[in-house]
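Take a look at the structure set out below.
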Amino acid sequence: VVAAMQHSASPDVHDVMPRLMAYGRTLEYEAKWTLAVDVYDAVIAHTHPIEESESATAAHLRRGICLRTLGSFQQATEAFAAAGTIAGQAGDMMGVLRARIGDAKIAVAVDRDTPNVNISLRERVRHVIDWMRRVFEQNQMHVDAARFEGRQQDQQVAFCAGDAGRFDDVDYTHRKVSR
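Quick note: the sequence shown uses the numbering used here, first residue -9, plus one each step.
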């Protein structure tokens, strides 16, 4: 980290951000969770959540994992919520899903000693599955709309080329759309 700052013409935190994230992961592998949380806090403090959403999301997720391991469930929940919010605003569905999975793992850790763990875990899993189904349906609607627009464009091009009669053939239209 220091070497990257020394070799830089003008010291910029963005030059060392990947190295700080790697250092945080190294600390996690060495089970130095508290120090890793401090490193991720430094990354979060110096990243803009909109302009650098990928780094901010990753730092919040890693911070949440460390806090969950330390047993700081409330702070871990807040970290995963922040990661989910940033990822959602950036359109990063994988980031949102990872944040929800982190939240579900906290629920498992908290509910481990309670007798109703299966009910609460089932509810959380059902919530994540419903969310994933909604995202899939929204994406499918976009795909269907794009296919419809493509079909209309094909028809317009064919009509302009004097080929309008060929679109009476359903098989021809399907072949054109499925390419």
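Where is the CB? At the ideal position from N, CA and C, for every residue including glycine.
Since the model is a prediction, treat every value here as computed from it, not as a measurement.
Of the residues assessed, V125 falls on the exposed side of the cut-off, its CB having fewer than 16 other CB atoms within 10 angstroms.
In the structure shown, the three-state DSSP call for T59 is helix. Sorting S43, P39, G54 and E41 by C-alpha distance to the C-alpha of D28 places G54 at the top. In this structure, the beta-carbon distance from I91 to T67 does not fall below 8 angstroms. Sixteen is the threshold: since fewer than 16 other Cβ atoms of the shown chains lie within 10 Å of the Cβ of G81, the residue is exposed. Taking 8 angstroms as the cut-off, the Cβ atoms of R88 and L51 count as close. Cβ atoms of A26 and E18 come within 8 angstroms of each other, at about 5 angstroms.
Cβ-Cβ distances below 6 angstroms link G74 to V86 and A89 in the same chain, with the five nearest sequence neighbours on each side left out; the list follows chain order.
Spatial neighbours of D93 in its own chain (CB-CB distance under 7 angstroms, excluding positions within 5 residues in sequence) are listed in chain order as T67 and F70. For P39, the closest of R58, G61 and G78 by C-alpha to C-alpha distance is G78.
CA-CA distance, A46 to T59, rounds to 20 angstroms. In this structure, the beta-carbon distance from A21 to T37 does not fall below 8 angstroms. If you look at A21, you'll find it isn't in any alpha helix (DSSP H); DSSP assigns it neither H nor E. DSSP, reduced to helix, strand and coil, places T37 outside both helices and strands of the structure shown, so it counts as coil. Assigned with DSSP and collapsed to three states, G14 falls in helix.
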